[in-house]
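**Student:** Using UniProt numbering, the first residue of the sequence shown is number 1, and each one after it goes up by one. The C-beta atom is built at its ideal place from N, Cα and C for all residues, glycine as well. Questions regarding the structure given below will be posed in turn.
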Amino acid sequence: MSRWSFLRSPRWAGYLALVIVFAIACCALGTWQLNRRAEALTEVARIDANYDADAVPVAEALPDPGGFDADQRWQVVSLSGRYLPDEEVVVRNRPFGGASGFEVVTPFRLDDGTVFFVDRGWIPQASDGRPSEYAPAPAGPVEIEARLKAGEGTISGRTASGDELATIDLDELADRVGGPSYTGAYGLLVQQGADADEPPMAAARPIRDEGPHLSYALQWFVFALLGFIGLGWAANQERKALAEASGVDAPRDRAPRPKRVPRERSDADVEDQILDEQALDRR
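So this is what it looks like as structure tokens:
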């Protein structure tokens, strides 16, 4: 019978099934990490292509005010018109440099009458939990640039409180302003010079980092392989144990016994034998 026949037992079939499930789970996690790396690389490519590019008119970048493509993230657009300070809102619970504060969103009416929403930057939270003081939006006609980002939508359980919003929900902002508005994307104001260091403070440049997803993926694939290696090692250990118990491997494992070499008879041995024979004859 084969020394590996025990592998056909239900117990070892169960071990194999567990290892297969473990390997499938590890491969799934590895694939997930590879997908996350692909997303991170795509975002890095967007930053490289759009963040420092020349500005294009917003009407050209967004011919459909309600449309926005993910590849347009960080694209720089130019806007000409005037701010609507009376319709300005703040968005709460926004992190910046390890602190929590607000982002100031001011509607901007373009020369064609359409409203585009501009995130003018971050302001800290005052001791009473309210927004701290910050510079007002410029009055009169101005020309500005902004980097596009998609609207955030709503979050269940988080609602607006007066002029404090929970998220940058462009549909809600459009309802507040009334009239035609861009609801597919808003813009992060491109600040330059001294204005970038005063509240509202400009958003930080996005980090070009693909993250550790590739190394994590390789680790998960190695874990899947180690599962089968461990199963093979355990099977070999049981084979050895069964072989020792049945004595199959005993002759090979035991050292050979030395052969006995017959000892040469001495004169004393011969005399002893003669005396023994004479004693038997006398009986």
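(1) Specify whether the region 130-138 and the region 77-89 touch according to this definition: at least 3 beta carbon pairs, one from each stretch, less than 8 Å apart.
(2) For the beta strand (DSSP E) containing Ala49, list its first residue and its last residue.
(3) Curious, which full-length alpha helix (DSSP H) runs of at least 4 residues does the region 38-126 contain?
(4) Look up Ser181 in the DSSP assignment and say whether it is helix, strand or coil.
(5) What did DSSP end up calling Glu172 once you bin it into helix, strand or coil?
(6) With distances taken Cα to Cα, identify the nearest neighbour of Glu103 among Ala204, Trp74, Gly179, Phe228.
(7) Helix or strand or just coil, what does DSSP make of Ile144?
(8) Ignore the nearest five residues each way along the sequence and tell me which others in Arg208's own chain have a CB closer than 7 Å to its CB.
(9) Within a Cβ cutoff of 8 Å, which residues of the same chain sit near Glu88, ignoring the five residues on either side of it in sequence?
(10) Quickly, what does DSSP pair Lys240 with across the bridge? List them, please.
(11) Under a Cβ-count criterion, where at least 16 other Cβ atoms within 10 Å of its own Cβ denotes burial, should Ala99 be classed as buried or exposed?
(12) Apart from the five residues on each side of it in sequence, which residues of its chain come closer than 8 Å, Cβ to Cβ, to Gly14?
(13) Apply the 10 Å Cβ neighbour rule to Gly101 and answer buried if 16 or more other Cβ atoms are within range, or exposed otherwise.
(14) Per DSSP, Glu164 is paired with what?
(15) Output needed for Phe6: all residues of its chain with C-beta closer than 7 Å, excluding positions within five of it in sequence on either side, in chain order.
**Tutor:** From the atom records:
(1) yes
(2) For the purposes of this step, residue 49 is taken as residue 49 along the sequence shown, with counting starting at 1. No beta strand (DSSP E) holds Ala49; the alpha helix (DSSP H) holding it covers 10-50.
(3) 58-61
(4) Counting from one through the sequence shown, the residue named residue 181 turns up at place 181. Correct three-state label for Ser181: strand.
(5) Counted from its first residue, the sequence shown places residue 172 at position 172. The answer is helix: DSSP assigns Glu172 an H, G or I state.
(6) Against the sequence shown, residue 103 aligns to sequence position 103. Per the Cα distances, Ala204.
(7) Walking along the sequence shown from the start, residue 144 turns up at place 144. It is a strand residue.
(8) Position 208 of the sequence shown holds residue 208. Within the same chain, Arg208 has close Cβ partners Val44, Ile47.
(9) In the sequence shown, counting from the first residue as 1, residue 88 sits at position 88. Cβ neighbours of Glu88 beyond the five flanking positions: Val104, Val105, Thr106, Pro107, Ala137, Asp163.
(10) Residue numbering aside, residue 240 sits at position 240 when the sequence shown is read from its first letter. Partner(s): none; Lys240 has no beta bridge.
(11) Residue mapping note: residue 99 aligns to position 99 of the sequence shown, counting from 1. Burial call: exposed.
(12) As a position in the sequence shown, residue 14 is number 14, starting the count at 1. If we look at Gly14 and ignore the five residues flanking it on each side, it has no Cβ neighbours.
(13) Walking along the sequence shown from the start, residue 101 turns up at place 101. By the neighbour-count rule (16 or more Cβ atoms within 10 Å), Gly101 is buried.
(14) For the purposes of this step, residue 164 is identified with residue 164 of the sequence shown, where counting begins at 1. Beta-bridge pairing links Glu164 to Val90, Ser161.
(15) Along the sequence shown, read from residue 1 onward, the residue named residue 6 stands at position 6. Around Phe6: Trp12, Glu238, Leu242.
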